[in-house]
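*Asks:*
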Amino acid sequence: MPFERRIMKRLSILGSTGSIGRQTLELVRRFPETLQVTALTAKSNVDLLEQQTREFRPGLVCIYDENKAEELRERLSDLPVTVVTGMEGLLECATAADATMTVVALVGMIGVRPTVAAIEAGKEIALANKETLVTAGHIIVPLLKKHGVSLYPIDSEHSAIFQALQTVPGERSAFFGGNPYVKRILLTASGGPFRGCTKEQMRSFTCEDALKHPNWSMGKKITIDSATMVNKGLEMMEARWLFGLKPSQIQVVIHPQSVLHSAVEFVDGAVVGQMGTPDMRLPIEYAILYPERAPQIASQLDLFAVRELSFFPPDTDNFPALALAMEVLRRDAEYGQQTGSTLPVVYNAANEWAVARFLQGIGAFTDIADAIADAVSAHTVTVAPTLAEVLAAEQWTVDFLAGR
Ligand code: NDP
Ligand code: MG
0 MPFERRIMKR LSILGSTGSI GRQTLELVRR FPETLQVTAL TAKSNVDLLE QQTREFRPGL
60 VCIYDENKAE ELRERLSDLP VTVVTGMEGL LECATAADAT MTVVALVGMI GVRPTVAAIE
120 AGKEIALANK ETLVTAGHII VPLLKKHGVS LYPIDSEHSA IFQALQTVPG ERSAFFGGNP
180 YVKRILLTAS GGPFRGCTKE QMRSFTCEDA LKHPNWSMGK KITIDSATMV NKGLEMMEAR
240 WLFGLKPSQI QVVIHPQSVL HSAVEFVDGA VVGQMGTPDM RLPIEYAILY PERAPQIASQ
300 LDLFAVRELS FFPPDTDNFP ALALAMEVLR RDAEYGQQTG STLPVVYNAA NEWAVARFLQ
360 GIGAFTDIAD AIADAVSAHT VTVAPTLAEV LAAEQWTVDF LAGR
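Per numbering that gives the first Met the number 0: the sequence shown = residues 0 to 403.
1) The ligand NDP and Ala-238: does any heavy atom of the ligand fall closer than 8 Å to the residue's C-beta?
2) Using only the alpha-carbon positions, how far apart do Ala-387 and Thr-341 sit?
3) Is any heavy atom in the ligand MG found nearer than 8 Å to the beta carbon of Ser-155?
4) Grab the span of the alpha helix (DSSP H) containing Ala-408 for me, first residue to last.
5) Based on Cα-Cα distance, which residue from Leu-259, Met-235, Val-258 lies nearest to Gln-248?
6) Could you say which of Thr-99, Ile-109, Leu-78, Lys-198 lies nearest to Glu-87 if we only look at CA atoms?
7) Check whether chain B comes within 9 Å of Ile-223, counting only Cβ atoms and requiring the distance to be less than that.
8) Should Glu-130 be counted as a contact of the ligand MG given a C-beta to heavy atom distance under 8 Å?
9) Does DSSP classify Lys-144 as helix, strand or coil?
10) Would you kindly report the start and end of the unbroken beta strand (DSSP E) that includes Gly-272?
11) Roughly how many angstroms lie between the CA atoms of Phe-303 and Ser-309, to the nearest whole one?
12) Helix, strand or coil: how does DSSP classify Lys-419 here?
13) Contact between the segment 125-135 and the segment 363-377: three or more CB pairs below 8 Å?
14) Give me whichever residues DSSP pairs with Thr-81 in a beta bridge.
15) Can you find a heavy atom of the ligand NDP that lies under 8 Å from the Cβ of Tyr-63?
16) Using only CA atoms, which one of Gly-243, Arg-56, Pro-152 lies nearest to Gly-80?
17) Would you identify the three-state DSSP class for Val-409, choosing helix, strand or coil?
18) Return the residue from the list Ile-253, Leu-186, Gln-337 that minimises the CA-CA distance to Gln-273.
19) Since I believe Arg-171 is in contact with Gln-409 (beta carbons under 8 Å), could you give me their beta-carbon distance rounded to a whole number of angstroms?
20) In whole angstroms, what is the alpha-carbon distance linking Ala-104 and Ala-127?
21) Should the segment 356-366 be called in touch with the segment 198-214, which here means at least 3 C-beta pairs below 8 Å?
22) So is the beta-carbon of Ala-340 under 8 Å away from any non-hydrogen atom of the ligand NDP?
23) Can you give, in chain order, each stretch of the beta strand (DSSP E) that sits fully within the segment 327-371 and has at least 3 residues?
24) Given a threshold of 16 other Cβ atoms within 10 Å of its Cβ, counted over all protein chains shown, does Lys-122 qualify as buried or as exposed?
25) Does the Cβ-Cβ distance between Gln-51 and Leu-78 come in under 9 Å?
26) What do you reckon, are the CB atoms on Leu-321 and Met-228 nearer than 9 Å?
27) Going along the chain, which residues of its own chain have a beta-carbon closer than 6 Å to the beta-carbon of Lys-220, five neighbours each way excluded?
28) Taking DSSP as the reference, what is the three-state secondary structure of Thr-385?
29) Provide the residue span of the alpha helix (DSSP H) that contains Pro-282, from first to last.
30) Among the candidates Pro-343, Thr-94, Cys-61, whose CA atom is the shortest distance from the CA of Thr-84?
31) Quick check on this structure: which residue in Asp-224, Glu-351, Ile-296 has the alpha carbon closest to the alpha carbon of Gly-191?
32) Asn-347: beta carbon under 8 Å from a heavy atom of the ligand MG?
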């Protein structure tokens, strides 16, 4: 039997109505003897949250949008479930007493406070929400150590690196301090829908163009981030915290087929990577069931059908937001490898602001990179920011961009 888990995991799934949240529930549906749901949350999708609550019977659900809470309470009045709302509700779900693991599948740095609260409550963390590590990695990593909590990455590249790192001796469930055997990581990227395009061409691309990702089906925000390559920039910052890497140890590699999900180059010259079909169900499974593997999670990789794999350096001239992410990462690490600063917060918050507008049909595609660059260059940096200072830097960014 390849899959023999006997211990029940009880999950609190933050962002259960999203792309990662729904695929997490698919896993629960397949393994009801191993996985149970304690809490579910959505921002405003009452219909799906009601449906999920009826199917998975959590004791606690949160609808973030306070205007929708009463409607959800009425709809679920026949069930023994408590409906909560707002940030307080999200925090309640993140720390739900019966949960053993909190799956953070929220989009955006709204995930920071719930993740911090879940760690403080001693919950294991399965983290899809990269914005949290990007903006508060310097707070999260020491907190994990302090509370002896393990965090498992869901982001596919980071899952691939995590899987490759299982080949090294020592502590396997967390690598936050770095690993002496690692020379560098090769962080792969499909290049998104606009790979090979020039900045001039991209000026006229629409939201619909940007939402057509060649290999992955994901939520809208991350799909736009893949088109601008901001996603890869955020993933470099995420990898820095997850694996204790210096910026010079992170090499972005464009790999259009999305078959090699990332790799680790070790000091002896060995390169160990993880391959597979592009299917988020696999990294979700690995994060939740670690160190076990369940049968038939992703569709089988047919190398004969793939035939060829290709690799290119990233095009930082035509994707300025990626070039800026590299600079932000470098400057941030110069303040102190472990200290962090508000620079990544501003980079991320400006992107969230600009992408939300682009998705509403406001502005051009290239305005996203411009907004990030404007905010980063106008910002006065705070080194080693507290959680309050991280959230204040987010607010500063929004105010700055709105007032431009
Ligand atoms: P989606 O947009 O599909 O889902 C986001 C979820 O969070 C939904 O449940 C949504 O509720 C909820 N939500 C959104 N905004 C808020 C808010 N302000 N307050 C409370 N809840 C909120 O996102 P994805 O699933 O695509 O992405 C989730 C995270 O995982 C992101 O950080 C992304 O970068 C990362 N990731 C995603 C991948 C993917 O394949 N999708 C791959 C790798 C990483 P509602 O439905 O009501 O709006
Ligand atoms: Mg990824």
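The C-beta atom is built at its ideal place from N, Cα and C for all residues, glycine as well.
*Replies:* Well, looking at it:
1) no
2) Going from the Cα of Ala-387 to the Cα of Thr-341 covers about 11 Å.
3) yes
4) This structure cannot speak to residue 408, because the chain is shown only from 0 to 403.
5) Met-235
6) Ile-109
7) In the structure shown, chain B does not exist; there is a single protein chain.
8) Not a single heavy atom of the ligand MG lies less than 8 Å from the C-beta of Glu-130.
9) helix
10) Residues 270-274.
11) 15 Å
12) With the chain covering only 0 through 403, there is no way to say anything about residue 419.
13) no
14) Leu-59
15) Flag set: Cβ of Tyr-63 near the ligand NDP.
16) Note on identity: in this sequence residue 80 is Val, with Gly being the wrong assignment. The option with the nearest alpha carbon to Val-80 is Arg-56.
17) Residue 409 cannot be examined here, being either before or after the span of the chain that is shown, 0 to 403.
18) Leu-186
19) Summary: the structure shown does not reach residue 409, with the chain confined to residues 0 through 403, and so no result is reported for it.
20) 5 Å
21) yes
22) The question names Ala, but residue 340 is Ser in the sequence shown. Every heavy atom of the ligand NDP is 8 Å or more from the Cβ of Ser-340, so no.
23) none
24) buried
25) no
26) Yes; because the gap between Cβ atoms is below 9 Å, this pair is in contact.
27) Annotation for Lys-220: Val-106, Val-354 place their beta carbon closer than 6 Å to its own, counting only its chain and skipping 5 residues before and after.
28) Three-state DSSP puts Thr-385 in coil, outside helix and strand.
29) 280-288
30) Cys-61
31) Asp-224
32) no
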